[in-house]
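Number of protein chains: 2
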Amino acid sequence: MLSRRSGVPVPTIKYYLRENLLPAGKATARNQARYDEEHLLRLRLIRTLTGIGRLDLSSVRDLLAAIDDDDVDMAELYQTVNRRVYPEKAQIDEPDSLEQARCDASRFVAEFGWCDDPLPASHPLVHSLAALRALGCDANASFLEPMAEAAERLAVHELEIQLPAGVTNPKAVAVVRTVLFEVAFAAARRMARERQVLLQFGTTGP
Amino acid sequence: MLSRRSGVPVPTIKYYLRENLLPAGKATARNQARYDEEHLLRLRLIRTLTGIGRLDLSSVRDLLAAIDDDDVDMAELYQTVNRRVYPEKAQIDEPDSLEQARCDASRFVAEFGWCDDPLPASHPLVHSLAALRALGCDANASFLEPMAEAAERLAVHELEIQLPAGVTNPKAVAVVRTVLFEVAFAAARRMARERQVLLQFGTTGP
Numbered sequence: 310m311l312s313r314r315s316g317v318p319v320p321t322i323k324y325y326l327r328e329n330l331l332p333a334g335k336a337t338a339r340n341q342a343r344y345d346e347e348h349l350l351r352l353r354l355i356r357t358l359t360g361i362g363r364l365d366l367s368s369v370r371d372l373l374a375a376i377d378d379d380d381v382d383m384a385e386l387y388q389t390v391n392r393r394v395y396p397e398k399a400q401i402d403e404p405d406s407l408e409q410a411r412c413d414a415s416r417f418v419a420e421f422g423w424c425d426d427p428l429p430a431s432h433p434l435v436h437s438l439a440a441l442r443a444l445g446c447d448a449n450a451s452f453l454e455p456m457a458e459a460a461e462r463l464a465v466h467e468l469e470i471q472l473p474a475g476v477t478n479p480k481a482v483a484v485v486r487t488v489l490f491e492v493a494f495a496a497a498r499r500m501a502r503e504r505q506v507l508l509q510f511g512t513t514g515p
Numbered sequence: 310m311l312s313r314r315s316g317v318p319v320p321t322i323k324y325y326l327r328e329n330l331l332p333a334g335k336a337t338a339r340n341q342a343r344y345d346e347e348h349l350l351r352l353r354l355i356r357t358l359t360g361i362g363r364l365d366l367s368s369v370r371d372l373l374a375a376i377d378d379d380d381v382d383m384a385e386l387y388q389t390v391n392r393r394v395y396p397e398k399a400q401i402d403e404p405d406s407l408e409q410a411r412c413d414a415s416r417f418v419a420e421f422g423w424c425d426d427p428l429p430a431s432h433p434l435v436h437s438l439a440a441l442r443a444l445g446c447d448a449n450a451s452f453l454e455p456m457a458e459a460a461e462r463l464a465v466h467e468l469e470i471q472l473p474a475g476v477t478n479p480k481a482v483a484v485v486r487t488v489l490f491e492v493a494f495a496a497a498r499r500m501a502r503e504r505q506v507l508l509q510f511g512t513t514g515p
């Protein structure tokens, strides 16, 4: 029933039930349960996050917990979203140019009024700056500024996308909105880069 | 020797050698080999891509092969980069609103002169549009246009970053430049979103 309505295979649904991602249905008989509209919505949410959103199940579990927890407000919810959409890497070699890059990134973060606390969000920024410089690339303010401006505009734009009136769970919609925005924008970035590369380096092959 | 100069542990270097990611050194004795500057650069390249660039070894192998192959020109190299930086997902549920989204995305791709061939780059765009609409979000042209403009500006900006004069391998630098640009921009996106969320939803608990 739930499987037919959602298009999700029964074993997958059973797996979500076992993993407590999906709440149990109302038992109607020894081996049967009834699932309502809420189950369907939850199932679609999970499939959107794991499918097009490409999140792993541990991220999905974390996000669902934040959505379900009434003590988690929107600001806190977005911290969880950011942590899951941009996962961190534990082990990174420390290049020589790290100190200067850290200093530049801090100035840059402060200038845009960005908050580097409590999440070490600028960490990858520092490291990529340092790595670009270690390569001899000229990664200075003129590198960072257009990037920051684009990021600001996109963040405003993303949050302006209207959440549907009367949604039962605005937090769930906010999570999906961010995840899907990232996916759509990555596709746009890829196509834009392809076009610029073709303009700059000409066509390839026959 | 190579380990001391690069800071990479010996077992890791041996692993890269076994996996043919790093070319063998010049044998100087039964159990010794000499590694030159080129080995060091290659090792730094691998570490940058797997570390801050967060690519898996199969992506790194693919990129190194494209860098090493003289028959692969810049345009083709970037196709490999795009494929690895934005990996595809095989299994995505097909929402009802897919057809309309496909149509909108095509018009949009054509309008910006983007190329949707030979890579199915617009696939995630179509799916995220459809999924947003399935949620009731208003994902139309006014959703796509600011995203596309930002993507175009960023692509131009990325390719304008000067490759260092006299680099021995411009293709290697181009790969790292793109990968690091993505990482830095993701950090900027995250911080910008955090700031906008705080502006919109206020601060979160102590």
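As they're listed, the protein sequences go chains F and U.
Convert by adding 309 to the 1-based position in the first sequence; the result is the number in this note's numbering.
Convert by adding 309 to the 1-based position in the second sequence; the result is the number in this note's numbering.
C-beta: ideal position from N, C-alpha, C; glycine also.
Predicted model, so just to flag it, every value in this text is computed and none were measured.
Proximity test, Cβ basis, 9 Å: residue i and chain F
i                      : result
residue 365 of chain U : no
residue 487 of chain U : yes
residue 433 of chain U : yes
residue 346 of chain U : no
residue 329 of chain U : no
residue 412 of chain U : no
residue 334 of chain U : no
residue 388 of chain U : yes
residue 337 of chain U : no
residue 517 of chain U : Outside the shown range of chain U (310 to 515) lies residue 517 of chain U, about which nothing can therefore be said.
residue 408 of chain U : no
residue 376 of chain U : no
residue 502 of chain U : yes
residue 310 of chain U : no
residue 349 of chain U : no
residue 342 of chain U : no
residue 492 of chain U : yes
Residue-chain proximity (residue i, chain U), Cβ-Cβ < 9 Å
i                      : result
residue 438 of chain F : yes
residue 450 of chain F : no
residue 470 of chain F : yes
residue 324 of chain F : no
residue 441 of chain F : yes
residue 495 of chain F : yes
residue 384 of chain F : yes
residue 416 of chain F : no
Nearest-angstrom beta carbon gap, residue j and residue i [assumed within contact, 8 Å]
i                      : j                      : result
residue 353 of chain U : residue 315 of chain U : 7 Å
residue 491 of chain F : residue 394 of chain F : 6 Å
residue 389 of chain U : residue 372 of chain U : 6 Å
residue 467 of chain F : residue 487 of chain F : 7 Å
residue 383 of chain U : residue 506 of chain F : 7 Å
residue 387 of chain F : residue 503 of chain U : 7 Å
residue 416 of chain F : residue 463 of chain U : Not quite, the Cβ-Cβ distance comes to about 22 Å (not below 8 Å), so this is no contact.
residue 357 of chain U : residue 485 of chain U : 6 Å
Backbone secondary structure at residue i - three-state DSSP
i                      : result
residue 487 of chain U : helix
residue 477 of chain U : coil
residue 333 of chain U : coil
residue 509 of chain F : helix
residue 343 of chain U : strand
residue 338 of chain U : strand
residue 371 of chain F : helix
residue 388 of chain U : helix
residue 328 of chain U : coil
residue 447 of chain F : coil
residue 471 of chain F : coil
residue 363 of chain U : coil
residue 418 of chain F : helix
residue 500 of chain U : helix
residue 312 of chain F : helix
residue 318 of chain U : coil
residue 431 of chain U : coil
residue 380 of chain U : coil
residue 399 of chain U : Low local confidence applies: a pLDDT of 46 at residue 399 of chain U is under 50, so the model's placement there is unreliable, with the coordinate-based value given in what follows. In this structure, residue 399 of chain U counts as coil in the three-state DSSP scheme.
Pair within 9 Å by beta-carbon distance, residue i and residue j
i                      : j                      : result
residue 472 of chain U : residue 459 of chain U : no
residue 437 of chain F : residue 489 of chain U : yes
residue 495 of chain U : residue 433 of chain F : yes
residue 493 of chain U : residue 441 of chain F : yes
residue 335 of chain F : residue 327 of chain F : no
residue 439 of chain F : residue 407 of chain F : yes
Sequence-distant residues of the same chain with beta carbon closer than 8 Å to residue i, five excluded per side
i                      : result
residue 385 of chain U : 375
residue 359 of chain F : 365, 366, 369
7 Å Cβ shell around residue i - same chain, five flanking residues per side excluded
i                      : result
residue 452 of chain U : none
residue 330 of chain F : 355, 369, 370, 373
residue 456 of chain F : none
residue 381 of chain U : 375
Contact test: residue i Cβ vs the ligand MN heavy atom, cutoff 8 Å
i                      : result
residue 325 of chain F : Only the bare structure without any ligand can be found here, which leaves the ligand MN out of the picture.
Close beta carbons around residue i, own chain, < 6 Å, minus the five adjacent residues each side
i                      : result
residue 435 of chain F : 410, 411, 414
residue 399 of chain F : Its pLDDT being 46, under 50, residue 399 of chain F is placed unreliably in this model, and the coordinates cannot settle the point.
residue 421 of chain F : 457
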